[in-house]
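Mapping the sequence shown onto the working numbering, position 138 (from 1) lands on 139, and the numbers just tick up by one. Just so it is clear, CB atoms sit at the ideal spot from N, CA and C, and this is done for glycine as well. Values in this document were obtained by computation on a predicted structure and should not be read as measured data. A short write-up of the structure that comes next.
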Amino acid sequence: MSKQKIEKLLIGTKNKGKLQEIKNLLPKYIEIHSTSEFDLKSPVENGKTFKENSLIKSKYFSKKTGLLCLADDSGLEIDLLNKNPGIYSARWGGKKGDFNKAIKRVYRELNKKNKNWKHKKIRARFICALSISYLDKKIACVQSKVEGIISNKPKGKNGFGYDPIFIPKNRKKTFGEMRPEVKYKIDHRHFAFKKLRKFL
Ligand code: ITT
Numbered sequence: 002m003s004k005q006k007i008e009k010l011l012i013g014t015k016n017k018g019k020l021q022e023i024k025n026l027l028p029k030y031i032e033i034h035s036t037s038e039f040d041l042k043s044p045v046e047n048g049k050t051f052k053e054n055s056l057i058k059s060k061y062f063s064k065k066t067g068l069l070c071l072a073d074d075s076g077l078e079i080d081l082l083n084k085n086p087g088i089y090s091a092r093w094g095g096k097k098g099d100f101n102k103a104i105k106r107v108y109r110e111l112n113k114k115n116k117n118w119k120h121k122k123i124r125a126r127f128i129c130a131l132s133i134s135y136l137d138k139k140i141a142c143v144q145s146k147v148e149g150i151i152s153n154k155p156k157g158k159n160g161f162g163y164d165p166i167f168i169p170k171n172r173k174k175t176f177g178e179m180r181p182e183v184k185y186k187i188d189h190r191h192f193a194f195k196k197l198r199k200f201l
C-alpha cells in the first residue's frame, strides 16, 4: 500500500471547516470526494479515544461508499477541565453544532473551577487523529497535537469551532484571528498530516 500512490480518496467528514483544511493539505494529484456527494448519516462515535473514533468514521464511510476513506477525529483538551471537552468537543456545540454555545460552556466550566481563571495561563491543546481505511481494513492511523492556552475572550472570525478561544504556544493571536494559510501550517491537523504523508 505504501508504495502505491493513492488516486481517489473520500474525506469522511461532515464538518466543512475540517473538509476545507484537509483539502488544502492533500497532494493535488489525488481526486477528492466528500460526504456531501452521498446521502449518508454520520456514524455513532462511541470510541474512547480520538484514534478509535477516527477509525470508526473512516471504516464506516468507506464501507458505505466503497471508496478509500480518510477521517479526522479532533478536539480541544483543557487541563483545568480535566481534559474536557476532549473527544466530546463536537457534542458541546449541541445538535446544531453551535460553537458560540460550546465556547460559552467552556467559559462557564472554567468559572466554576476557578473564578480567577482569566488571570491565569489555562493550558490546552488541540488533538487530531487521522485515519485511512478501506472497507473494514485500517490502512493508517496517526495522532498529533498543538499546545496552547485559552484566550480570556473569543477573538477573530476565521476558522471554525473553538478557533476564537485558542492561542497556540509562542503566539499572541487566536487561531480565529489568523489567516487560514497561517493556521494550517501550525495546527494539530498539519502535524498529524506530516505523519500520514508516507501513506499517500
Ligand atoms: P465529523 O465527525 O463529521 O468529522 P465533527 O465536527 O463532529 O465532524 P469531531 O467529532 O472530530 O468532528 O469533533 C471535533 C470538534 O472539535 C469539531 O466540531 C470542532 O469544533 C473542534 N475542532 C477540531 N479541530 C478544530 C480546529 O482546527 N479548530 C477549531 N475547532 C476544532
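| Item | Value |
| --- | --- |
| Whether P155 touches P165 by CB criterion (7 angstroms) | yes |
| Cutoff 8 angstroms; reference M2; Cβ partners in own chain excluding five residues on either side | Note on M2: pLDDT 47, under 50, position unreliable in the model; no value is reported. |
| Cβ neighbours of K84 in the same chain (closer than 6 angstroms, five flanking residues each side left out) | E78 |
| Status (buried if at least 16 other CB within 10 Å, exposed otherwise) for R92 | exposed |
| Completely contained beta strand (DSSP E) runs for the stretch 69 to 151, where each covers 3 or more residues | 70 to 79, 124 to 135 and 138 to 151 |
| Heavy atom of ligand 1 within 6 angstroms of A91 beta-carbon | yes |
| Residue of G67, R124 and Y135 minimising C-alpha distance to L81 | R124 |
| Where F194 falls, given that 16 or more other Cβ within 10 Å makes a residue buried | buried |
| Supposed close pair H191, L26 - CB separation, criterion 8 angstroms | 7 angstroms |
| Contact with chain D by S37, beta-carbon distance below 7 angstroms | Among the chains of the structure shown, chain D does not appear; only one protein chain is present. |
| As assigned by DSSP and simplified to three states, the class of L10 | strand |
| Same chain, Cβ closer than 7 angstroms to K1, five either side skipped, listed in chain order | Not covered by the structure: residue 1. The range shown for the chain is 2 to 201. |
| Residue closest to K29, alpha-carbon to alpha-carbon, out of K6, K146 and V147 | K6 |
| Any non-hydrogen atom of ligand 1 closer than 6 angstroms to Y135 Cβ | no |
| Nearest residue (CA-CA) to S152, options L197, I12, S145 and K105 | K105 |
| Burial state of G162, where buried means 16 or more other Cβ atoms lie within 10 Å | buried |
| Cross-strand partners of H34 (DSSP beta bridge) | L11 |
| CB contact flag (G76, I128, <7 angstroms) | yes |
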